[in-house]
Amino acid sequence: MGRKPCCSKEEGLNRGAWTAIEDQILIDYINLHGEGKWRTLPKAAGLKRCGKSCRLRWLNYLRPDIKRGNITLDEEDLIIRLHNLLGNRWSLIAGRLPGRTDNEIKNYWHSVLSKRLLSSSQVKEANRNDDKINVIDAKLEHETALESESSDGSFTLPSSDEEINASFNFRMDFEIGEISNGSEGFASDFTQLCGYDFTDMNAEICEYGKYGKNDCCEAMVENDYVELEANNFNLDSDFGFLDAFS
DNA sequence: AAACCTTGCAACCGCAAGCGA
DNA sequence: CTCGCTTGCGGTTGCAAGGTT
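The numbering of the first sequence is numbering that gives the first Met the number 0, which starts it at 0 and goes up by one.
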């Protein structure tokens, strides 16, 4: 590779793809001594690798709880929503997807989702010029486009590109600032539709907002508020009102 | 069959945050 | 407070495999 080597101060270290033997040495060592102390781990384990490389290999590949490949539609849907909310905060997104690593999600985003969303954004932009629709109508339209109801009342996630694009055409068209200021009529309507209690959300904002915008956003993610079908949240613009807390 | 192109993904790099001395 | 070290994160690279011409 045409780049400066990792941990260039230390010579004689292996680089590039890991061998099965190296993997086994690392697994055995961590099973015995636990994670951490990456700087000293290679020497202690007898690996000719830098600590960074060992850490990365363990976290992204060797950990026993890692799921690999076959990202489900549910996971994909969650990745898209979290990315809309948090941007390129891959580690935070990965934290909401058990068994998935930040690297895998980042790769999936760049190789699959970003291309798909790029094409859907053109359709989305056209819809920005449409008249605003009220929340109830929007929700019904969204459900019609996104979900197909089966005989037992359950729903399925979108499977075709058309359906996924349709989900992106849906916009909440509301100011989240209104929620924080206690727009009770709106909140009760939306709570009824989505099953989320904006009273709790307000409390969450007040509690975590005082520590700063990022803490508040992360707290909201932790508490599943991102499950709202608000696909177009943006950390800086839509949560801008939280700046007042910082 | 061979050359070229595209895609997926593991791995590397630089930077910044956290933490202890 | 500052300095140095370690760890974690996001961006980027380059290899290998599969697809296309």
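Cβ atoms here follow ideal geometry from the backbone N, Cα and C, with glycine treated the same way.
Here DSSP, grouped into helix, strand and coil, assigns E34 to coil. Just measuring C-alpha positions, the residue of R67, K47, I79 and L40 sitting nearest R54 is L40. Restricted to the stretch 50 to 126, the alpha helix (DSSP H) segments that are unbroken, complete and at least 4 residues in length are 50 to 56, 72 to 85, 89 to 94, 101 to 107 and 113 to 126, listed in chain order. Leaving aside the five residues that flank E75 on each side, none in its chain has a CB nearer than 6 Å to its CB. R62 places its beta carbon 8 Å or farther from that of E21. Between L96 and I104, the C-beta spacing is below 8 Å. Between L46 and the set N69, N13, D64 and G33, the nearest pair of CA atoms involves N13. The C-alpha of G50 lies about 11 Å from the C-alpha of W57. L112 sits close to I78, with the two beta carbons spaced by under 8 Å. In the DSSP annotation of this structure, A16 is not part of any alpha helix (DSSP H), being labelled neither H nor E.
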